[in-house]
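Q:
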Amino acid sequence: MKVLTLLFVSIFFSLLVTSQEDDGLLEKTVPSVSLKDVNGETVNTSELSNDGKPIIISFWATWCAPCKKELNAINDLYIDWQDETGVKLVAVSVDDERTKNRVVPYVDSKSWEYEILMDPNGDFKRAMGVNNVPHTFIIDGEGNIVYSHNNYAPGDEYELYDKILELVGEE
Amino acid sequence: MKRLLGITALLGLFFFNHQLNAQGDISGNHETIYQYLLDDEAINAQQPDEKSLVNSYTNINYRYSGFKAGVRIETYLPRILGYPDRFDGAGLGYRYFGYENDIVDITVGNFYDQFGSGLIFRSYEDRALGFDNMMNGFRVKLTPYKGVTLKTIYGKQRYSFTSGKVNYAPGIVRGADLEFNLNQWFPKLAENKIRINAAGSFVSKYQKDDNSEFVLPENTGSYGGRLELAYKKFFINGEYVIKEQDPSQDNGYIYNYGKGLLINAGYSQKGLGILVSAKSIDNMSFRSDRNATLQDVTIGFIPPLTKTHTYNLAATLYPYASQPNGEVAFQADVIYKIKRGTKLGGKYGTDISLNFSTAYEPIKQTSGYNIADSSRVAYDSKLFDKSDLLYWRDINVQIKRKVHKKWTVRLNYFNIHMNNDVLKLTEEKGIIQSHIGVLDVEYKINRKNTIRAEVQGLWTVDNKDRGDWATAIIEYTVSPHWFFSVIFQSNYGNPVPEDRINYPMAFVGRIWGATRLQLGYGRQNAGLFCVGGICRFVPASNGLTVTFSHSF
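Protein chains in written order, with my numbering: chain A, 1 to 171; chain B, 172 to 723.
1. What is the rounded straight-line gap between the Cα of GLY684(B) and the Cα of GLY335(B)?
2. Between LYS441(B) and LEU208(B), what straight-line distance do the alpha-carbon atoms span, to the nearest angstrom?
3. Does the count of Cβ pairs from the segment 242 to 260 of chain B and the segment 321 to 334 of chain B closer than 8 Å reach three?
4. Using a Cβ cut-off of 7 Å (strictly closer), state whether GLU202(B) contacts chain A.
5. Which of the three DSSP states, helix, strand or coil, is assigned to LEU515(B)?
6. Helix, strand or coil for GLN20(A) per DSSP?
7. Secondary structure at PRO154(A), three-state DSSP: helix, strand or coil?
8. Quick one: complete beta strand (DSSP E) runs, 3+ long, within the segment 215 to 278 of chain B?
9. With a threshold of 7 Å between beta carbons, is ASN75(A) in contact with chain B?
10. Quickly, what does DSSP pair GLN569(B) with across the bridge? List them, please.
11. Looking at chain B, is there any beta carbon in it that lies within less than 7 Å of the beta carbon of GLY24(A)?
12. Looking only at its own chain, which residues have a Cβ that is under 8 Å from the Cβ of PHE13(A), when we skip the five neighbours before and after it?
13. I'd like to check one pair, LEU117(A) with VAL92(A): are the Cβ atoms closer than 7 Å?
14. Mind the definition here: the segment 607 to 625 of chain B touches the segment 476 to 495 of chain B only if three or more C-beta pairs lie below 8 Å; say whether that holds.
15. Excluding sequence positions up to five away, which residues of its chain have a Cβ less than 6 Å from the Cβ of LEU715(B)?
16. Just checking: is the beta-carbon of GLY442(B) within a distance shorter than 7 Å of some beta-carbon in chain A?
17. In angstroms with no decimal places, state the Cα-to-Cα distance between GLY666(B) and LEU596(B).
18. Is LYS553(B) helix, strand or coil when you go by DSSP?
19. Taking its Cβ as the centre, do 16 or more other Cβ atoms sit within 10 Å of GLN217(B), making it buried, or is it exposed?
20. Say whether chain A places a C-beta atom closer than 7 Å to the C-beta of ASN435(B).
21. Three-state secondary structure (DSSP) at THR718(B)?
22. Please report how far the alpha carbon of ASN226(B) lies from the alpha carbon of PHE655(B), in whole angstroms.
23. Taking the alpha helix (DSSP H) that TRP81(A) falls in, what are its first and last residues?
24. Quick one: Cα of MET305(B) to Cα of SER294(B), how far?
25. Can you tell me whether DSSP reads GLN355(B) as helix, strand or coil?
26. Does the CB of TYR78(A) have a neighbour CB from chain B at under 7 Å?
27. Would you mind listing the alpha helix (DSSP H) stretches within the segment 420 to 453 of chain B that are 4+ residues and don't spill past its ends, in chain order?
28. For chain A, check one thing: does any of its Cβ atoms lie closer than 7 Å to the Cβ of GLY628(B)?
29. Quick check: is the beta carbon of ASN121(A) nearer than 7 Å to any beta carbon in chain B?
30. Taking beta-carbon pairs under 9 Å, can you tell me which members of the segment 123 to 157 of chain A lie near chain B?
31. Within the continuous alpha helix (DSSP H) that includes ARG126(A), where are the two ends?
32. What is the C-beta distance between ASP349(B) and GLY471(B), in whole angstroms, given that I count them as a contact (C-beta under 8 Å)?
33. Is any non-hydrogen atom of the ligand NAP found closer than 6 Å to the C-beta of VAL133(A), if you look at the structure I gave you?
34. Counting only beta-carbon separations shorter than 7 Å, does ASN85(A) have a partner in chain B?
35. Scan the segment 676 to 698 of chain B for residues whose Cβ lies nearer than 7 Å to a Cβ of chain A and list them as they occur along the chain.
36. Closest to PRO54(A) by C-alpha separation, out of VAL87(A), ASP119(A), LEU165(A) and TYR106(A), would be which residue?
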């Protein structure tokens, strides 16, 4: 235990020393977690990219009614959103073993065109600081987390899209 | 003291970072659940001596070019009502440090992980349920070649959190999991729309023989293999596991091997999704303390093959739990969308979802086996060999239709059989059968304002157990900041007239981006509650509950 603590402390100090050279502000980027997509291929979350255009990351589950409402509502608007801003939505399912196998049939039956990632043990959820689903983030073209919203009420998709328009307008 | 040093180092880092404007990412969250409870004789609720109860959690994660570290500080002063008695005090509940690059990912301290479907290893946290069997030790993940992942874990599992300190189970858990994604080796497979993943895992626990009556195996191994095949829009995956002799409190100290098989198969296309699942489990309770009971220190996780319902009465009154000592279970799921513009589908289309799940007792062949002989092997069993004893059956259908630009209607019916002799949710004997109906109507006033109302009824056959229930909910949301909700639940048909209790409850919530404050006041029945766009498990209470959460 003592050794572990020492290790913690020493590494932190070394981190502090090395990090002083940087000049940037405390910017939040997407943490690196290895998740699987629906084809079983490993995707590193820090490498999610969209050619410099914004990405929406939405945490959801097949058992979460408001999550499905949100993603279905966005799905109706998604083609327009993509045409206008080039935004991409990554839907991260936090379904565990109990309901994980429902994800693909559900997604296909609703014809979602999102990129789907599986987070069955909540690793990415923890790393992103998510308490409860639904929780939606916007990542700007440089990979910074610029917006997050924890809830869904009908109409929230418009607020989300306003933020994306702001982002795209600035560029 | 040492612990304090660790916290100080992390917090120090946090503040230094701000001052130095250094790079590096800090993320985390905070959640507080506060209750001020009242006496309520009708539901046998007593005001606790402390009057107010609080659970609080703060996670802080730090990352800097491949390095990562984090802590969780937990507070139970005292724990909220209905929370397991394993939690008390305030202190460091979780801490880890790690490093990762493209080839290796090392974590020391606490971590959560699982192998495959988790049948022989799953370490996870379900805060709402008060479940946490995190590991304390180390984990090494190696990706030596693309498409190959090797995971090694070693540690002890969290058992409780008392006086602000984590206590770990006596047993040592160690294991490895090797996974191959064949598509990354043979690009031809992907060209032909074929997908193959194969993996094998081994988990072993060590616990000292502390029993004077039997000679117990101190090391228990378990191993399994899994395979996933997919062709175009069809997929099938399965996992088979075996557990060696593991006499425990759960299985009555028998020396049988345990086994389990889990299979899922699915097909999907635009507008249609089908999933069938089957599961056969025998003697698969696997814990890092052979004397443990309840939800404590489980190494393996056996997923219940049932749909997770969200409507209050369907979700909270008669849910199913997996039976690790043995069960044979099946499930089928169909999701179908009737096209829009058709006679049946209407202007916007109609969504139909059908679900069937059932579980039975497995046959345990005892002739020729004598539990009292030196082998202590109690029976023989075969996969999917089920008896007629029903544990569970659930047939449910949901129809959703947008009938107008502003109106959406959802109709639900559930027919649930629950064997209370096995699941022991209440005092009632035998099988409790219930019919549940739900009507859910949503009206969009405009872009930002929506009203939703639910009427739910639950009727038990022969008025068994607590008889009939009704729930009415009205929810008003103003996007993106506010929600208001009133719930009225009544056990109006309880066979015992004094127990015909009403549960009125009101909620108001405010959301600022990643910050959420919710106030609830009233009498609340236990269960999975979905209010204002969030689902979580809430125990029974009468009084004020304030939930605050924030992510950063």
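No residue lacks a Cβ here, since even glycine has one placed at the ideal position from N, Cα and C. Predicted model, so just to flag it, every value in this text is computed and none were measured.
A: Taking the coordinates as given:
1. A direct Cα-Cα distance of roughly 31 Å separates GLY684(B) from GLY335(B).
2. The alpha-carbon of LYS441(B) is positioned some 50 Å away from that of LEU208(B).
3. Counting Cβ pairs under 8 Å, three or more are found: they touch.
4. Contacts with chain A at 7 Å (Cβ-Cβ) include GLU202(B).
5. Three-state DSSP puts LEU515(B) in coil, outside helix and strand.
6. Per-residue confidence for GLN20(A) stands at a pLDDT of 40, beneath the threshold of 50, marking its modelled position as unreliable; the derived number appears in the next sentence. DSSP, reduced to helix, strand and coil, places GLN20(A) outside both helices and strands of the structure shown, so it counts as coil.
7. Coil.
8. As far as the segment 215 to 278 of chain B is concerned, its whole beta strand (DSSP E) runs of at least 3 residues are 223 to 235, 238 to 247 and 260 to 271.
9. ASN75(A) does not count as touching chain B.
10. Partner(s): SER524(B) and ASN583(B).
11. Residue placement at GLY24(A) cannot be trusted, given a pLDDT of 39 that sits under 50; what the coordinates show is reported in the next sentence. Yes, contact with chain B.
12. Here the model assigns PHE13(A) a pLDDT of 46, short of 50, so the residue's position is not dependable and the matter cannot be decided.
13. Their beta carbons are under 7 Å apart, which means VAL92(A) touches LEU117(A) by this criterion.
14. By the criterion of at least three beta-carbon pairs nearer than 8 Å, the segment 607 to 625 of chain B is in contact with the segment 476 to 495 of chain B.
15. Excluding five sequence positions before and after LEU715(B), the CB atoms of its chain that fall closer than 6 Å to its own CB belong to TYR207 and TYR692, given in chain order.
16. With 7 Å as the cut-off, GLY442(B) counts as an interface residue toward chain A.
17. First, the amino acid is wrong: residue 666(B) is Pro here, not Gly. Distance between the alpha carbons of PRO666(B) and LEU596(B): 17 Å.
18. In the structure shown, LYS553(B) falls within a coil segment according to DSSP collapsed to helix, strand and coil.
19. Counting Cβ neighbours within 10 Å, GLN217(B) comes out exposed, since fewer than 16 surround it.
20. Interface residue, yes.
21. Per DSSP, reduced to three states, the secondary structure at THR718(B) is strand.
22. If you take the alpha carbons of ASN226(B) and PHE655(B), they lie about 24 Å apart.
23. Counting along the chain, TRP81(A) sits inside the alpha helix (DSSP H) bounded by residues 65 to 85.
24. Within the model, the alpha-carbon separation for MET305(B) versus SER294(B) is close to 5 Å.
25. Looking at GLN355(B) - three-state DSSP - the assignment turns out to be helix.
26. With 7 Å as the cut-off, TYR78(A) does not count as an interface residue toward chain B.
27. Listed in chain order, nothing qualifies, since the segment 420 to 453 of chain B has no complete alpha helix (DSSP H) run of 4 or more residues.
28. Taking Cβ atoms only, chain A never reaches closer than 7 Å to GLY628(B), which makes this a no.
29. It does: the Cβ of ASN121(A) has a partner Cβ on chain B nearer than 7 Å.
30. So the list reads ASP123, ARG126, ALA127, MET128, GLY129, VAL130, ASN131, ASN132, VAL133, PRO134, HIS135, PHE137, ILE145, TYR147, SER148, HIS149, ASN150, ASN151, TYR152, ALA153, PRO154, GLY155, ASP156 and GLU157, given in the order they occur along the chain.
31. Counting along the chain, the alpha helix (DSSP H) containing ARG126(A) begins and ends at 123 to 127.
32. The residue asked about is misnamed: residue 349(B) is Leu in this sequence, not Asp. Incorrect: roughly 18 Å between the Cβ atoms, too far for contact.
33. The ligand NAP is not among the ligands present in this structure, which contains no ligands whatsoever.
34. A quick correction: the sequence has Thr, not Asn, at residue 85(A). It does not; no Cβ of chain B falls within 7 Å.
35. Cβ contacts with chain A: ILE682, GLY684, ALA685 and ARG687.
36. Checked all of VAL87(A), ASP119(A), LEU165(A) and TYR106(A); the closest Cα to PRO54(A) is VAL87(A).
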